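J.: The structure's right below; bear with me while I get my questions together.
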Amino acid sequence: MFSYRHAFHAGSPADVLKHAVLLHVADYLQRKEAPLLAVDTHAGAGAYSLRSDWARQGGESRQGVLHLLHWLGQGDNTRKAPALIRDYADVLKAFDAEVWERLRQDDPSLKPGADLTFYPGSPALLARLLARRPADRLRLFELHRNEAVALAEWTTTSPLPVHRQAMQAGDGFEGLISLLPPPERRALVVMDPSYEDKADYDRVIRSLRDALRRFATGVFVIWHPVLQRLDAQQLPERLQRLGRPWLHARMAVGQRRERGLVASGVFVINPPYTLEPALREALPVLSQVMQQDSQGSWELDVGG
Ligand code: SAM
1 MFSYRHAFHA
11 GSPADVLKHA
21 VLLHVADYLQ
31 RKEAPLLAVD
41 THAGAGAYSL
51 RSDWARQGGE
61 SRQGVLHLLH
71 WLGQGDNTRK
81 APALIRDYAD
91 VLKAFDAEVW
101 ERLRQDDPSL
111 KPGADLTFYP
121 GSPALLARLL
131 ARRPADRLRL
141 FELHRNEAVA
151 LAEWTTTSPL
161 PVHRQAMQAG
171 DGFEGLISLL
181 PPPERRALVV
191 MDPSYEDKAD
201 YDRVIRSLRD
211 ALRRFATGVF
221 VIWHPVLQRL
231 DAQQLPERLQ
241 RLGRPWLHAR
251 MAVGQRRERG
261 LVASGVFVIN
271 PPYTLEPALR
281 EALPVLSQVM
291 QQDSQGSWEL
301 DVGG
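All letters in the sequence shown, in the order written, are residues 1 to 304 by my numbering.
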């Protein structure tokens, strides 16, 4: 039994990169009027309190999203910040304000703090964007029982109407295949395993191969850790060999630390053409602002 709980890592530098990319991609796909299916194969708990014991214990949001938002609040950094970062920050602030508003309906004495308190995970981010349109749908998978219970609870607060959103407490690799090809003929898939189970490296490749066979034009956003282990290092090359156009962004925010990852990547299959220029602008800023010990760095490649 694996013990991964995303609450420890919510708002980390890795989350910032992954979620900023995800928002950009989802937003781009919504420029076309036709309905969209979004699938989150490893959904986690939906949304997180950065004041929870777990989040404080992990402490990764202090270097990640909280640090980024503080930086944006200084001088005219917000005005000068790349659009990808500004758009991400706007969504976070709106989400936080809405959760506070809901809580204050029960207890008007509650007051939001100066810092962001509620952080949207990938389901909350996707639901927020999909809810802007009448026919987009969201499918969520979460395998582990406690996280699935938390996710089910989150779905009751989701802005999407119930008939456009479904979650399954089950395996997301298999669940994805059962949804493809989607009736909409347009899909955005987020694949975000924890890789705590080392079989995930192979399962990512196998399920994507299968998914692309059924639906080659889907847009797939795959998160991965940057680690010394061979299977982690080989993953990007194996993803490139799937034979579709791709974009690969990596960001490192330090050399090493006792807890948490210092480097991670996002690999996008069939990326929108707007993503590369947006990241060329945003990655230097993100890696510089969130770096510790002057070791921020980034890389961006495209191919296929
Ligand atoms: N995508 C979430 C976000 O960005 O907010 C975070 C997800 S977290 C990194 C990975 C999640 O996948 C964990 O909650 C874990 O319990 C779940 N998980 C692990 N193996 C899974 C599988 N085969 N299918 C579905 N969920 C799985």
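In this text, a Cβ means the ideal position worked out from N, Cα and C, and glycines have one as well. It should be emphasised that the depicted structure is a prediction, and the values quoted were computed from it without experimental measurement.
1. Given this structure, state the Cα-to-Cα distance separating Gly75 from Gln105, to the nearest angstrom.
2. For the stretch 214 to 227 against the stretch 185 to 199, are there 3 or more C-beta pairs whose distance is under 8 Å?
3. Hey, how far is the Cα of Ser49 from the Cα of Ala252?
4. Give me, in chain order, the residues of the same chain whose beta-carbon lies closer than 6 Å to that of Tyr119; leave out the 5 immediate sequence neighbours on both sides.
5. Since Ser264 and Ala34 are thought to touch, with beta carbons under 8 Å apart, how far apart are those beta carbons, to the nearest angstrom?
6. By the three-class DSSP mapping on this structure, what secondary structure does Ser294 have?
7. Measuring only the C-alpha atoms, how far is Ser3 from Arg244?
8. Would you say the stretch 166 to 180 touches the stretch 141 to 156, given that touching needs at least three Cβ pairs under 8 Å?
9. Within the present structure, is the beta-carbon of Tyr4 separated from the nearest heavy atom of the ligand SAM by less than 8 Å?
10. Kindly list the residues whose CB is nearer than 6 Å to the CB of Ile269, restricted to its own chain and excluding five residues on each side of it in sequence; keep chain order.
11. Indicate the three-state DSSP secondary structure (helix, strand or coil) for Tyr195 in the structure shown.
12. Compare the Cα-Cα distances from His248 to each of Ala211, Glu276, Val289 and report the closest residue.
13. Can at least three beta-carbon pairs, one atom from the stretch 169 to 184 and one from the stretch 128 to 145, be found at a separation below 8 Å?
T.: Working from what's here:
1. Here the question's residue 75 lines up with position 75 in the sequence shown. Here the question's residue 105 lines up with position 105 in the sequence shown. If you take the alpha carbons of Gly75 and Gln105, they lie about 34 Å apart.
2. Two segments are said to touch when three or more pairs of C-beta atoms, one from each, lie closer than 8 Å; by this definition the stretch 214 to 227 touches the stretch 185 to 199.
3. Translated into positions along the sequence shown, residue 49 becomes position 49. Translated into positions along the sequence shown, residue 252 becomes position 252. Near 25 Å, if we compare the C-alpha coordinates of Ala252 and Ser49.
4. Numbered from its first residue, the sequence shown carries residue 119 at position 119. So the qualifying residues of the chain are Ala10, Gly11, Tyr48, Leu50.
5. Taking the sequence shown and counting its residues from 1, one reaches residue 264 at position 264. Taking the sequence shown and counting its residues from 1, one reaches residue 34 at position 34. Actually they do not touch by this definition, with Cβ atoms about 32 Å apart.
6. Residue numbering aside, residue 294 sits at position 294 when the sequence shown is read from its first letter. Coil.
7. Taking the first residue of the sequence shown as 1, we reach residue 3 at position 3. Taking the first residue of the sequence shown as 1, we reach residue 244 at position 244. If I take the Cα positions, the gap works out to 34 Å.
8. Counting Cβ pairs under 8 Å, three or more are found: they touch.
9. For the purposes of this step, residue 4 is taken as residue 4 along the sequence shown, with counting starting at 1. Yes, the ligand SAM has a heavy atom inside 8 Å of this Cβ.
10. The residue you call residue 269 lines up with position 269 of the sequence shown. Excluding five sequence positions before and after Ile269, the CB atoms of its chain that fall closer than 6 Å to its own CB belong to Phe220, Arg244, Trp246, given in chain order.
11. Counting from 1 along the sequence shown, the entry for residue 195 is found at position 195. Correct three-state label for Tyr195: coil.
12. The residue given as residue 248 occupies position 248 in the sequence shown. Cα-wise, what sits closest to His248 is Glu276.
13. Touching, yes.
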